[in-house]
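Comments concern the structure below.
In the UniProt record's numbering, the protein residues as written are 1 to 218.
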């Protein structure tokens, strides 16, 4: 990346060298959102603990550091013509302005997500391309430089065995805020869950039509 990049969330998470994290999804249901992110030494760096609608405000997720300190909150904006999530420093307070927004068209399968960061003037824009469902995404800045990547995790001790999607890698380029990148993963996971629900709802609707119409039934 060219030039010095200011922290979006916190300076402590802007590294001078390219850094790779191992991200583990600690909850395996689409209504639950748990993640741990570890550095190359196996030390916990980020975590998200949310195991259903009773454990936190619906539509809000909180990214914490290893000690449990809240770094920022992402909140789904409703109603909206687009999938839109807003990010707030620390715990969101009433009337607080977001520092970034994530937007995506309502079209299922759209592969580009736009991110707008408001704490600088002019507004910074990033794009995320690829498939989070397949754990293959690239984050680009406005100059189309890669600032972070999500990829499948490979176990080199087991003949380069590709691990399951519940564990994957996040590689952050030097000068880019790793906490911000991790927060975007939370939003991508929610978008992916929405797509899963919509696809299955459409399948259920189609099956109902077939079952109700004797001419379409096998």
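Glycine included, every Cβ here is placed at the ideal spot set by N, Cα and C.
As the structure is a prediction and not an experimental result, all values here were calculated from the model.
Just confirm the distance between the C-beta atoms of residue i and residue j, as a whole number of angstroms; I'd bet it's less than 8 angstroms.
i	j	result
residue 34	residue 23	That belief does not hold up - the Cβ atoms of residue 34 and residue 23 are roughly 11 angstroms apart, past 8 angstroms.
residue 92	residue 73	4 angstroms
residue 246	residue 102	Any question about residue 246 goes unanswered here, given that the chain covers just 1 to 218.
residue 117	residue 8	6 angstroms
residue 119	residue 99	5 angstroms
For residue i, I'd like the list of residues in its chain whose CB is within less than 7 angstroms of its CB, leaving aside the five on either flank, ordered along the chain.
i	result
residue 36	24, 26, 44 and 47
residue 181	139, 148, 170 and 172
residue 135	150, 151, 152, 165 and 168
residue 40	20
residue 16	174
residue 38	21, 22, 44 and 45
residue 187	74, 85 and 102
How would you call residue i, buried or exposed, if buried means at least 16 neighbouring beta carbons within 10 angstroms?
i	result
residue 78	exposed
residue 68	exposed
residue 95	exposed
residue 123	exposed
residue 42	exposed
residue 19	buried
Within a Cβ cutoff of 8 angstroms, which residues of the same chain sit near residue i, ignoring the five residues on either side of it in sequence?
i	result
residue 64	46, 47, 48, 49, 70 and 71
residue 127	112, 113, 114, 115, 139 and 140
residue 192	132 and 133
residue 66	43, 44, 45, 46 and 47
residue 130	111, 136, 137, 138 and 150
residue 10	71, 177 and 179
Considering only residues of the same chain and omitting the five flanking positions on each side of residue i, which have a CB-CB separation below 6 angstroms?
i	result
residue 151	169
residue 164	none
residue 13	177, 178 and 179
residue 153	163, 167, 168 and 169
residue 125	116 and 142
residue 90	70
residue 190	none
Runs of beta strand (DSSP E) lying entirely within the stretch 72–133, each at least 3 residues, in chain order: 83–89, 100–104, 112–117 and 124–131
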